[in-house]
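In the working numbering, the protein residues as written are 0 to 106. Glycine is no exception: its CB is placed at the ideal position from the N, C-alpha and C atoms. Since the structure is predicted, the reported quantities are computational estimates derived from the model, not experimental observations. Heads up, the thing below is written out as structure tokens.
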């Protein structure tokens, strides 16, 4: 799956500084796939977001990444800085359930 990073913020810059890394993806609440980066990300000066399907966010309280596939009813939160968008279908995400994935820059 490819992710296109959003605007340059302290959080997206810090995310890129971690690359490459591996993480396991797990489903959460039938809404998103979660994974843990190697450490917490810098969120100072990064605004929150109103997540939509296809968004990659960072969830500040738990320090994890979230790939939303059903963001219905989720509103704006300062605890969910937007990192980018991804192009996988829900079926493709399901195939990653419980799998270790490599997160790396391409191109």
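Please identify the residue among the options whose C-alpha is closest to the C-alpha of residue i.
i, options, result
"residue 69", "0, 35, 41 and 49", "49"
"residue 79", "105, 86, 94 and 47", "47"
"residue 58", "85, 86, 27 and 16", "27"
"residue 18", "77, 37, 8 and 6", "37"
"residue 6", "89, 83 and 101", "83"
"residue 75", "92, 64, 63 and 56", "56"
"residue 54", "62, 22, 39 and 88", "88"
"residue 66", "22, 106, 101 and 92", "92"
Check the C-beta distance from residue i over to residue j and give it rounded, since I have them as a contact under 8 Å.
i, j, result
"residue 1", "residue 85", "7 Å"
"residue 10", "residue 52", "Between residue 52 and residue 10 the Cβ distance is about 20 Å, and since that is not below 8 Å, they are no contact."
"residue 31", "residue 96", "The pair is not a contact, with the Cβ atoms about 12 Å apart (cut-off 8 Å)."
Between the alpha carbons of residue i and residue j, how many angstroms are there, rounded?
i, j, result
"residue 34", "residue 77", "19 Å"
"residue 20", "residue 45", "22 Å"
"residue 29", "residue 99", "19 Å"
Suppose only complete runs of 4+ residues qualify. What are the alpha helix (DSSP H) ranges in the region 9 to 41, listed by chain order?
9 to 17
Extract the residue ranges of the alpha helix (DSSP H) inside the region 31 to 104, only unbroken runs of 4 or more that lie entirely within it.
89 to 94
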